[in-house]
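Please read the structure below before turning to the comments.
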Amino acid sequence: MNINQLPKTLINNICESNSDLRGKLLKLALAIEQFPNQNRTKNLTKICNESDVSKENILNVLGVYLLIVRLFLSTNDKEFNSRLLEIGFTDNFIETLPLISNREDVMKNLQLSTYSDYTNFTYLKWRIDISLINSTLVKKIPASVILCFNMKNKGKISIEIDANMYKTLRFNVALMLKEFTTIKKTYK
566 MNINQLPKTL INNICESNSD LRGKLLKLAL AIEQFPNQNR TKNLTKICNE SDVSKENILN
626 VLGVYLLIVR LFLSTNDKEF NSRLLEIGFT DNFIETLPLI SNREDVMKNL QLSTYSDYTN
686 FTYLKWRIDI SLINSTLVKK IPASVILCFN MKNKGKISIE IDANMYKTLR FNVALMLKEF
746 TTIKKTYK
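End of the sequence shown = 753 in our numbering, gap-free, step of one.
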């Protein structure tokens with residue numbers, strides 16, 4: 566989902582929602598961004614039970630917070646504020662986000678959790694992730710491919726790429742293997 570394509574009603578609902586609920590969902594979004602392989606169903610169920618919001622609405626708002634966190638990670642403070650205002654978020658909502666005032670800590674925590682030595686992986690598996698939220702969003706949200714690396718230190722790393730990038734990656738790896746085979750045959 567693209568942050569620029571968010572419905573105005575969803576943005577208004579987020580801006581007008583309880584600040585306690587917004588804080589919990591932002592913390593959950595940061596945790597998901599930091600450790601994407603962990604199961605968060607207990608956290609979601611707890612938040613749903615504590616609030617009077619349906620699980621579907623909680624998931625939609627959580628998706629928006631994930632987009633906000635990713636926008637925060639890819640932009641500087643000024644651009645982040647202007648993009649959120651441009652999308653339709655209120656000044657009050659942006660001021661209550663604790664991201665900008667804690668940029669160094671947030672960046673450090675998220676980068677430390679994603680840094681790994683990719684030369685030590687033992688197994689690779691992939692799957693296609695098709696998110697079916699509702700019929701109107703299916704056309705806008707493309708399928709993605711998730712590559713999961715199992716590391717020698719028993720850790721797991723997942724990389725999510727869109728289908729076109731996966732096709733390019735697969736083609737380039739096949740081309741590289743073909744070149745290796747050709748080189749091996751010529752130097753025998």
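We treat Cβ as the ideally placed atom computed from N, Cα and C, and that holds for glycine. Here the structure is a predicted model, which is why all the values come from computation and not from measurement.
Check: Would you call LEU740 buried or exposed, if buried means 16 or more other Cβ atoms sit within 10 Å of its Cβ?
Finding: exposed
Checklist line | Three-state secondary structure assigned by DSSP to ASN715 | finding: strand
Margin query: Please list the terminal residues of the continuous beta strand (DSSP E) segment that includes ILE726.
Written below: 721-727
Note to self: Here's the rule I'm using: 16 or more other beta-carbon atoms within 10 Å means buried, otherwise exposed. How should TYR630 be labelled?
What the structure shows: buried
Checklist line | The alpha helix (DSSP H) enclosing SER584, as first and last residue numbers | finding: 584-599
Check: What is the rounded straight-line gap between the Cα of LYS750 and the Cα of GLY720?
Finding: The C-alpha of GLY720 is placed about 37 Å away from the C-alpha of LYS750.
Note to self: Quick check: the Cα distance between VAL671 and TYR752, rounded to an integer number of angstroms?
What the structure shows: 51 Å
Checklist line | Closest residue to ASN583 among SER709, GLU615, ASN602, ASN715 (Cα-Cα distance) | finding: GLU615
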